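Enquirer: The structure follows.
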Amino acid sequence: MNDNQIKELLRNSKTIAMIGVSSEKKGEDKKNLKRKPANVVMKYMQDFGYKVYPINPFAEGEVINGEKVISSLDKISDEIDIVDVFRPSKEAIGIANEAVKKRSKVLWLQYGIHNDEAEKIAKDQNMDFVSNKCIKQEYQRLFQKSNPVFPVLRS
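For the sequence shown, this note's numbering begins at 14 and goes up steadily by one.
This is the structure we're talking about:
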């Protein structure tokens with residue numbers, strides 16, 4: 014997918030289901046939670062007007078960046094434009110199938126994540142597919158003309 018296609022995709026999207034948002038571990042400093050990559054990305058995308066649904070079956074009901082954590086994609090009643098994945102590549106196939114059922118427009122696998130079968134599932138359903146790219150970095154690069162390092166830590 015080229016830069017213009019990604020820019021168009023981000024411009025035409027309003028909702029993101031973020032799979033793999035980190036929850037607080039027992040005894041962990043709350044500040045650490047804000048620094049976890051998925052949580053940094055979630056907050057950033059929220060700051061630019063996206064409605065982000067955090068998904069983590071082990072943290073259902075917790076509140077992260079002001080949003081209640083949901084256990085799975087099918088529990089979201091709204092339409093989801095982008096399913097953004099922060100999970101190992103091997104889990105992408107199952108997530109791709111869930112994204113198809115949800116009729117999402119885009120399956121986005123974060124930096125370091127790729128799965129050929131998940132790509133085939135998405136493309137067979139005319140779903141846009143992005144992999145091995147950070148949605149936050151792409152947004153910054155394409156809309157803010159900056160080339161940041163990842164993750165940008167904000168206190």
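Virtual Cβ for every residue (Gly too), placed ideally from N, Cα, C. Computed from a predicted structure; not experimentally measured.
(1) Ends of the alpha helix (DSSP H) at Pro-101?
(2) For the structure I just gave you, are there three or more beta carbon pairs, one from the region 128-144 and one from the region 89-106, closer than 8 angstroms?
(3) Using C-beta distances below 6 angstroms, list every residue in its chain close to Arg-167, excluding the 5 sequence neighbours before and after it, in chain order.
(4) Among the residues of its own chain, which have a CB less than 6 angstroms from the CB of Asp-97, if the five just before and after it don't count?
(5) Under 8 angstroms by Cβ, that's how I've got Val-169 and Asp-141 pegged, so tell me the actual separation to the nearest angstrom.
(6) Check whether the Cβ atoms of Tyr-66 and Ile-83 sit closer than 9 angstroms, and answer yes or no.
(7) Between the Cα of Asp-60 and those of Asn-69, Gly-79 and Glu-111, spot the shortest distance and give me the residue it belongs to.
(8) Is it true that the CB of Glu-111 sits closer than 9 angstroms to the CB of Ser-144?
(9) At which residues does the beta strand (DSSP E) containing Lys-64 begin and terminate?
(10) Roughly how many angstroms separate the alpha carbons of Ala-109 and Lys-158, rounded to a whole number?
(11) On the criterion of 16 or more Cβ atoms from any shown chain inside 10 Å, does Val-76 qualify as buried, or is it exposed?
(12) Which whole runs of the beta strand (DSSP E) in the region 101-144 are 3 residues long or more, in chain order?
(13) Rounding to the nearest angstrom, what Cα-Cα distance links Val-68 and Lys-88 in this structure?
(14) Report all residues from its chain with a CB closer than 7 angstroms to the CB of Ala-51; omit the five preceding and five following residues, and keep chain order.
(15) Output the distance between the C-alpha atoms of Asn-17 and Glu-73, rounded to the nearest integer angstrom.
(16) Apart from the five residues on each side of it in sequence, which residues of its chain come closer than 6 angstroms, Cβ to Cβ, to Ile-93?
Expert: Here's the rundown:
(1) Note, Pro-101: premise wrong, no alpha helix (DSSP H); not H, not E.
(2) yes
(3) Note that Arg-167 has pLDDT 41, beneath the 50 cutoff, so the model's placement of it is unreliable and the number below is only indicative. So no residue of the chain qualifies.
(4) Ile-29, Met-31, Trp-121 and Ile-148
(5) It is not possible to answer for residue 169, since the shown part of the chain is limited to 14 through 168.
(6) yes
(7) Gly-79
(8) no
(9) 64-68
(10) 30 angstroms
(11) exposed
(12) 119-122 and 141-143
(13) Sequence check: residue 68 is Ile here, not Val. Using only the alpha carbons, I get a separation of about 10 angstroms.
(14) Met-31, Gly-33, Val-34, Ser-35 and Phe-99
(15) 36 angstroms
(16) Thr-28, Ala-30, Lys-115 and Ser-117
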